[in-house]
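Using numbering that gives the first Met the number 0, read the sequence shown as starting at 0 and increasing by one per residue. Backbone N, C-alpha and C define an ideal beta-carbon position, used for all residues, glycine too. The model shown is predicted, which means the values in this text are computed figures rather than measured ones. Here is the structure we will look at.
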Amino acid sequence: MVARNQNPLPQPEAPVRTPLPPVEAKIPEEPSQPPPAPVPVSPQPQPSPTNVPPADVLPTQPVPDDKVAPTVTIAAGTLLPVRIGETISVAHYQVGDSFLATLDRQLVVDGWIIAEKGSRLEGRVVQSTPPGRGDSGSHLEVELVKLSLADGQHIQIRTETYKKEGASSTGNDVAKIATGAVLGTAIGAAAGGGKGAAIGAGIGTVAGVAGAAITHGKPAEIPVESRINFRMANQVTITERLVVR
């Protein structure tokens with residue numbers, strides 16, 4: 000056999016390998032520290048604003064034109080029909096003492112009901128003279144000074160005074176003197192006839208006068224539930240109270 004020159008069979012090429020990047024060693028990270036706690040800061044005083052109204056004071060709201068409060072005037076000379084709420088007597092009331100009364104019917108002015116029936120009034124004693132001896136009688140004067148209105152207001156008023164005189168003891172004194180004289184005459188006549196009657200009459204008269212001298216008149220008083228018409232002494236202007244909603 001003769002050896003022939005044959006081309007060698009191609010050898011498979013070795014695959015080309017791409018070099019890998021070098022591996023870096025990783026060091027584990029240390030745990031992060033918590034952030035420092037904030038330092039407390041004391042609050043600084045804030046300057047108070049000027050010209051600021053307090054929180055509980057609300058600005059006044061203007062009254063709308065369609066809600067203007069009506070104004071009425073109680074003229075001088077107006078009658079106030081009143082019922083007295085307690086017995087007023089010079090025996091217990093002095094000058095300046097007050098008493099209570101109520102309005103006996105509605106008070107209407109210019110179509111407006113100013114005060115309802117039963118509205119409270121306050122009065123005052125102007126003069127209080129106790130009874131004296133003989134002709135010196137008792138004297139009492141009162142007036143009204145305050146009225147409660149239908150809208151809750153209490154206004155100052157002034158009325159003419161109402162006067163009350165106590166019963167005098169003069170009539171009773173005359174009767175006592177005459178009775179004493181008659182009794183004295185009868186006693187004297189029974190004792191000694193005409194002369195004794197004259198003496199007895201004189202003694203009886205003196206006794207009657209002595210008895211009258213110590214007699215006092217009755218104290219002036221205004222009984223409870225008395226109805227009196229007080230007259231306004233001056234005019235009073237009233238502005239009705241309105242509530243703005």
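Item                                                                                                                         : Value
Neighbourhood of Arg240 by C-beta, 8 Å cutoff - its chain only, sequence neighbours within 5 removed                         : Ala68, Asp150, Gly151, Gln152
Candidates Lys163, Gly165, Pro218, Gln155: closest to Gln234 by CA position                                                  : Gln155
Candidates Lys163, Ser127, Glu159: closest to Asp96 by CA position                                                           : Ser127
C-beta atoms of Leu120 and Val94 nearer than 8 Å                                                                             : no
Contained beta strand (DSSP E) runs [length at least 3] in the region 94–123, N- to C-terminal order                         : 97–102, 106–108, 111–114
Of the residues Ala114, Leu143, Pro218, the one placed nearest Met231, counting alpha carbons only                           : Leu143
Length of the line joining the Cα atoms of Ser88 and Glu159                                                                  : 19 Å
Contact set for Ala74: own chain, Cβ-Cβ below 6 Å, skip 5 residues either direction                                          : Gln234
Buried or exposed (CB count within 10 angstroms, at least 16 for buried), Ile113                                             : buried
Cα-Cα separation, Ile221 to Val71                                                                                            : 32 Å
Residue range of the unbroken beta strand (DSSP E) whose run includes Asn233                                                 : No beta strand (DSSP E) holds Asn233; DSSP gives it neither H nor E.
Through-space distance from Leu102 to Ile83, alpha-carbon basis                                                              : 9 Å
Helix, strand or coil at Pro298 according to DSSP, with G and I counted as helix                                             : Outside the displayed span of the chain (0 to 244) sits residue 298, for which this structure offers no information.
Classification of Val124 by the beta-carbon crowding that lies within 10 angstroms, buried from 16 upward                    : buried
Residues bridged to His138 [DSSP beta-bridge criterion]                                                                      : Thr128, Glu164
Beta-carbon contacts of Ile237 that lie in its chain and below 6 Å, excluding the five residues immediately before and after : Val71
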